Ligand code: NAP
Ligand code: HSE
C-alpha cells in the first residue's frame, strides 16, 4: 500500500529555501520514486510577504505566520532555512516540541546550540538532519557520520567556505579587488546574510566545529580555537605567496596530536602543486585522514542555491523513507564528556609567512632576524624586494616590504616575537602573518 504524502514546511524561502522548493516542484516523480511517497510543501514561511520571489507556490502555501506551521499536526518535517541563531533556535526547539522532524543547513545554530537541539530532539523522539550545514552540496556529514564509521579520524584539512574561496580565486586569477569579489559572492548567493561571518573565518570555524564533533565526539565552539579570516589580506600577500610558489586558501584544520586536538581556521599558504591549491571559486574540498582507510578526498560546490538545496532535499528523502531516523539514533553527538582535550592555543605549531614593512637602512635585517632568533624561530627564506629610487633631496627613510618564511614554530613563540617586533623603531605597519601548510 502506498504511503501517504510526507507533508513538509520550508521555514525560510530565501536563496536555499527557494532552491529546495524548485527541486521538489520540478522533479516530483524523481522525489516520489526515491522517497517511496510524495513530498508536499504545505507551508513556506517568510518574513516579508511582499518581497518578490523567484518561485510561484500554490495558493495558501506562502505565509509569515510561524504558528501555522508549529500548530499544524499534518506537517511532519520542518526545513529550517532562516539562518542565524535568533529566532532560529527558539523556532527549532518549538518545532521539535510540536513533534516535527527537522532538516537544517544552519551551521551557526548547530555549532553554538547543537547540544541543546539534539537533546530536545531525543527527548521528543525526533530527528535532526544537517547534511547541508557543512560544505554545501558535498555529502560530508554522511561521509564522516556513516561511511567512515570503521575509522578513527586522525585529521581533517579542508576548504569549508565558498565565499572566501571565490574571493581569493577572483583576486588571484582575475585581478578583482577584494570588494568587487565579495560583492560577486553576495550576488551569486554564496555569502551569509551577514558576510562578515564568511570573511572573518567564523562560518568555516562553525563548520569545522561540527566536523570535529562528529569525528572526535568533542564539543568545540568557534571561539575555542584560533580563527582568522581573509578580511585583513592584501593583494600583495597573494602576489608574494605566488612568487614563492604558494596559493593562499582559508584552511580549516583539525588533527590529533599526542591524544589532543589541534584546531585552526586561518588563511594559509598552500604549495601550488598540492590538490587543495587547485580548488577554485565556490568549491570546497575536504581531506579526511582515517586510521583504516587512509586519506579520502571530497570536493564539490560548497555554496550556492542548488548545490545546497541538493543536500537539503537528500535529507528530506532520508526522512521520508525512514533512514535518517535510524542514523540519527546511532550518532553519538554532543556527549557530556569529551574524549579529547584541545591543544592550548599557544602550543599549536606551524611554519609561517611574515610580511613586515621595514625601513630601508643598515642593520634592519639583523634587528628583525635577531628578534626571531631570540624566540627560537628559524628562517627558511628571506626576500627583500629592491626599494624604488627616492628623490635625493628627500629626508624620509624609504620603507620596503620584508618577506620571511619560517621553519616550524609554536604560536606562542611567534606571538612573543611579534610583540617584540612591534617595539622596533624600524618596523612599521602593516604587518601580516600567515600560516604555511606542510
Ligand atoms: P537567505 O537568502 O537570507 O534566506 C533566509 C530566509 O529566511 C528568507 O526567506 C527570510 O524571509 C526568512 N526569514 C529570516 N528570518 C525570518 C523570521 N524571523 N521569520 C520568518 N522568516 C524568516 O538565507 P540563505 O542563503 O537561503 O541561507 C539559509 C540557511 O542556509 C542559513 O543557515 C545559511 O547559513 C545556510 N546555508 C546557506 C548556503 C548558501 O550557499 N547560501 C549554503 C549552505 C548553508 P524573507 O525572504 O521574507 O526575507
Ligand atoms: N556562506 C557559506 C559559504 C555558505 O560561503 O560557504 C555555505 O555554507
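In my numbering, the protein residues as written are 2 to 439.
All C-beta atoms, glycine included, are put in the ideal place defined by N, C-alpha and C.
These numbers were taken from a predicted model, which means no experiment stands behind them.
Following the DSSP letters along the chain, one finds residue 273 in no beta strand (DSSP E), marked with neither H nor E. Of 412, 417, 376 and 365, the smallest CA-CA separation from residue 398 is found for 365.
Burial check for residue 363: the Cβ neighbour count within 10 Å stays below 16, so the residue is exposed. Within the same chain, 343 come within 7 angstroms of residue 225 by CB-CB distance, once the 5 residues on both sides are set aside.
Those residues whose C-beta sits under 6 angstroms from the nearest heavy atom of the ligand HSE are, from N- to C-terminal order along the chain, 137, 162, 163, 164, 191, 192, 193, 199, 204, 303 and 304.
Classified as buried, residue 254 has 16 or more neighbouring CB atoms from the shown chains inside 10 Å of its CB. Residue pairing by DSSP places residue 352 opposite 437 in a beta bridge. Counting C-beta pairs closer than 8 angstroms gives three or more between the stretch 237-256 and the stretch 156-175, which meets the contact rule. Within the DSSP secondary-structure output, residue 44 pairs in a beta bridge with 10. Ranked by Cα distance from residue 307, the options 69, 385 and 137 are led by 137. Taking C-beta atoms as the reference points, residue 32 and residue 78 fail to come closer than 7 angstroms. Exclusion of the five residues before and after residue 241 leaves 356 and 404 as the residues of its chain whose Cβ lies within less than 7 angstroms of its Cβ.
Set against 6 angstroms, the gap from the CB of residue 107 to the closest heavy atom of the ligand NAP is smaller.
When C-beta atoms of the stretch 96-114 are compared with those of the stretch 123-131, three or more pairs fall below 8 angstroms, so the two segments count as touching. Taking the Cβ of residue 90 as the reference point, every heavy atom of the ligand NAP lies at 6 angstroms or farther away.
Taking C-beta atoms as the reference points, residue 195 and residue 165 fail to come closer than 7 angstroms.
Cβ atoms of residue 82 and residue 12 come within 8 angstroms of each other, at about 7 angstroms. In this structure, the straight-line span from the alpha carbon of residue 87 to that of residue 259 is close to 38 angstroms.
Linking residue 7 to residue 167 through their CA atoms gives a straight-line distance of about 37 angstroms. Inclusion of residue 409 and residue 350 in the CB contact set at 7 angstroms is warranted, their separation being smaller than that value. For residue 41, same chain residues with a beta-carbon under 8 angstroms away, outside a window of 5 residues either side, are 6, 7, 8 and 9 in chain order. Shortest gap from the CB of residue 55 to any heavy atom of the ligand NAP: 6 angstroms or more.
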